[in-house]
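**Student:** Structure in structure tokens, see below.
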Ligand SMILES: NC(=O)c1ccc[n+]([C@@H]2O[C@H](COP(=O)([O-])OP(=O)(O)OC[C@H]3O[C@@H](n4cnc5c(N)ncnc54)[C@H](O)[C@@H]3O)[C@@H](O)[C@H]2O)c1
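Set out below in structure tokens:
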């Protein structure tokens, strides 16, 4: 089987998730080319070397520019903190490589626009892995087939508690220049991605972003939290539907509560990422909500297992995302969300921030 050279930057939470997914993809999917783990980069060269050994990369480096320059590397996967995405993606595109970048795309709209511009006519994919779930694919096809009737409402919540404790120390995630927005970019980008994927274009937004814990401890004392801990917003969709979203990184008890409900004139669909193998459905005339359990008839589930209800997990969604990337690079899938689609998510997030600052509805045409 022909090989596709992979260069991966970053060895943290997402670096490992990408490495596992690239290793598994050729076993799960029927691919033209097998991902070849060519080069692994991390700012910490010794960590890059140790992880390369464990994860099966051929080479490692402490210099991400050397990874991009390496002829064996055909696709560059970026799993570094947000402020590095633009510089790394632009350099990889300039070197003629395909780019697979973690979300959020960038720390601000100017960088996101530069990335989308450079990616025109090129192969790019962003790490919106939750879109790959079998229940989300089923929801999308049911909505497209009109099974819920005309969509009238979207309700979305993405709650986690990873920064709920004031004792959680200050980090890059609290610094505007390194993270961009806070919960909005980190969690809200996924929720906005769901709204666009399941309901469609957003025309206008209103909302408020707020910081709950104003400062956190560093090695030298306290430092300010420069971005939002929570977001409450309303959306107006181009098809007339209305939406409400609630995003928090300080919501005690929640670990990955990416929950959406879509209501149409004939029924309601409900999904929660903490139970990713289930889709709840109510159609007019039903006695109550029914739970549909994901199985091989709901792609990409069948590629992983022939048995319904045996369940996929987070890592499988990352493998499914890599499968989609490889199909896109082979020309058989249209990559989504690519940088152009990512820019739409960034514009909606920026519009919510502007609505909060200026205390008014913001039309997306303004950004
Ligand atoms: N799609 C998802 O579900 C998901 C989940 C978590 C994080 N993310 C995104 O993934 C990205 C990384 O998050 P994480 O949680 O893995 O962070 P992390 O802190 O665990 O890992 C970041 C990695 O980048 C490396 N790094 C930093 N600067 C570097 C440089 N100049 N050169 C090379 N390597 C460098 C660090 O050493 C570390 O290995 C963020 O953009 C985040 O938003 C996505």
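Residue numbers (my numbering): 737 to 1103.
Glycine included, C-beta positions come from ideal geometry on N, C-alpha and C.
On a Cα-Cα basis, can you pick out the residue from 1076, 802, 1043 and 1000 that is closest to residue 1106?
**Tutor:** In the structure displayed, the chain extends from 737 to 1103; residue 1106 sits before or after that span and is not available.
**Student:** Should residue 1025 be listed as close to ligand 1, given that the test is whether its C-beta is under 6 Å from any heavy atom?
**Tutor:** On the chain shown, residue 1025 is found 289 positions in, with the first residue counted as 1. Residue 1025: no, Cβ never under 6 Å from ligand 1.
**Student:** Would you kindly work out how many angstroms separate the C-alpha atoms of residue 848 and residue 740, rounded to a whole number?
**Tutor:** On the chain shown, residue 848 is found 112 positions in, with the first residue counted as 1. On the chain shown, residue 740 is found 4 positions in, with the first residue counted as 1. Between residue 848 and residue 740, the C-alpha separation is close to 27 Å.
**Student:** Since I believe residue 1027 is in contact with residue 1019 (beta carbons under 8 Å), could you give me their beta-carbon distance rounded to a whole number of angstroms?
**Tutor:** As a working mapping, residue 1019 is identified with position 283 in the chain shown. As a working mapping, residue 1027 is identified with position 291 in the chain shown. With a Cβ gap of about 13 Å, residue 1019 and residue 1027 do not count as contacting.
**Student:** Would you identify the three-state DSSP class for residue 956, choosing helix, strand or coil?
**Tutor:** As a working note, residue 956 is residue 220 in the chain shown. In this structure, residue 956 counts as coil in the three-state DSSP scheme.
**Student:** So, under 8 Å CB-CB, residue 755 and residue 800 are touching, yes? Tell me the CB distance rounded to an integer number of Å.
**Tutor:** Numbered from its first residue, the chain shown carries residue 755 at position 19. Numbered from its first residue, the chain shown carries residue 800 at position 64. With 8 Å as the limit, residue 755 and residue 800 do not qualify as a contact, their Cβ atoms being about 15 Å apart.
**Student:** Please find out if some non-hydrogen atom of ligand 1 comes closer than 6 Å to the beta-carbon of residue 737.
**Tutor:** Here residue 737 corresponds to residue number 1 of the chain shown, with the count starting at 1. It does not: the Cβ of residue 737 is nowhere closer than 6 Å to a heavy atom of ligand 1.
**Student:** Buried or exposed: residue 973, going by 16 or more other Cβ atoms within 10 Å of its Cβ?
**Tutor:** As a working note, residue 973 is residue 237 in the chain shown. Buried.
**Student:** Would you say the beta carbon of residue 745 is closer than 6 Å to some non-hydrogen atom of ligand 3?
**Tutor:** Of the ligands one can find in the structure shown, namely ligand 1, none is ligand 3.
**Student:** Look up residue 897 in the DSSP assignment and say whether it is helix, strand or coil.
**Tutor:** Position 161 of the chain shown holds residue 897. Residue 897 falls in the coil class under three-state DSSP.
**Student:** I need the straight-line Cα distance from residue 935 to residue 890, nearest angstrom please.
**Tutor:** Residue 935 sits at position 199 when you count from the first residue of the chain shown. Residue 890 sits at position 154 when you count from the first residue of the chain shown. Taking the straight line joining both Cα atoms gives about 7 Å.
**Student:** Measuring alpha carbon to alpha carbon, tell me which residue in 1031, 948, 976 and 864 is nearest residue 924.
**Tutor:** Along the chain shown, one-based indexing puts residue 924 at 188. Of 1031, 948, 976 and 864, the residue nearest in Cα terms is 864.
**Student:** In the structure shown, what three-state DSSP assignment does residue 926 receive?
**Tutor:** Stepping through the chain shown from its first residue, residue 926 is reached at position 190. Reduced to three states, the DSSP call for residue 926 is helix.
**Student:** So residue 845 and residue 1057 are supposed to be a Cβ contact under 8 Å. How far apart are they, rounded?
**Tutor:** Counting from one through the chain shown, the residue named residue 845 turns up at place 109. Counting from one through the chain shown, the residue named residue 1057 turns up at place 321. So it is not a contact: roughly 24 Å between Cβ atoms.
**Student:** Scan the stretch 748-781 and note each continuous alpha helix (DSSP H) run of 4 residues or more that stays entirely inside, going in chain order.
**Tutor:** Qualifying alpha helix (DSSP H) stretches, in chain order: 749-764.
**Student:** Just the C-alpha distance for residue 908 and residue 920, rounded to the nearest angstrom, thanks.
**Tutor:** Start at 1 with the first residue of the chain shown, and residue 908 comes out as number 172. Start at 1 with the first residue of the chain shown, and residue 920 comes out as number 184. Going from the Cα of residue 908 to the Cα of residue 920 covers about 15 Å.
**Student:** Any heavy atom of ligand 1 closer than 6 Å to the Cβ of residue 793?
**Tutor:** The residue labelled residue 793 in the question sits at position 57 within the chain shown. Not so, every heavy atom of ligand 1 lies at least 6 Å from the Cβ.
**Student:** Is it true that the stretch 816-836 meets the stretch 781-798, where meeting means three or more beta-carbon pairs spaced less than 8 Å apart?
**Tutor:** No, because fewer than three Cβ pairs between the stretch 816-836 and the stretch 781-798 fall closer than 8 Å, the two stretches do not touch.
**Student:** Check whether the stretch 864-877 and the stretch 975-985 touch, using three or more Cβ-Cβ pairs below 8 Å as the test.
**Tutor:** With a cut-off of 8 Å, the stretch 975-985 and the stretch 864-877 do not count as touching, because too few Cβ pairs lie within range.
**Student:** Below 8 Å on the Cβ atoms is my contact criterion, and I expect residue 855 with residue 820 to pass it. Report the Cβ-Cβ distance as a whole number of Å.
**Tutor:** Position 119 of the chain shown holds residue 855. Position 84 of the chain shown holds residue 820. Their Cβ separation, rounded to whole angstroms, is 17 Å, which puts residue 855 and residue 820 out of contact at 8 Å.
**Student:** Is the beta carbon of residue 1000 less than 7 Å from the beta carbon of residue 887?
**Tutor:** Along the chain shown, one-based indexing puts residue 1000 at 264. Along the chain shown, one-based indexing puts residue 887 at 151. In this structure, residue 887 lies closer than 7 Å to residue 1000 by Cβ.
**Student:** Between residue 753 and the rest of its own chain, which residues show a CB-CB distance below 7 Å, the 5 nearest in sequence each way excluded?
**Tutor:** Residue 753 sits at position 17 when you count from the first residue of the chain shown. Cβ neighbours of residue 753 beyond the five flanking positions: 1051 and 1054.
**Student:** Below 8 Å, how does it come out for the stretch 962-973 and the stretch 989-1003: are there three or more Cβ pairs, yes or no?
**Tutor:** No, because fewer than three Cβ pairs between the stretch 962-973 and the stretch 989-1003 fall closer than 8 Å, the two stretches do not touch.
**Student:** Per DSSP, residue 1028 forms a beta bridge with which residues?
**Tutor:** The sequence position of residue 1028 within the chain shown is 292, counting from 1. In DSSP, residue 1028 forms a bridge with 1015.
**Student:** Pairing CB atoms from the stretch 944-961 with CB atoms from the stretch 877-886, are three or more of them under 8 Å?
**Tutor:** Verdict: no, contact absent.
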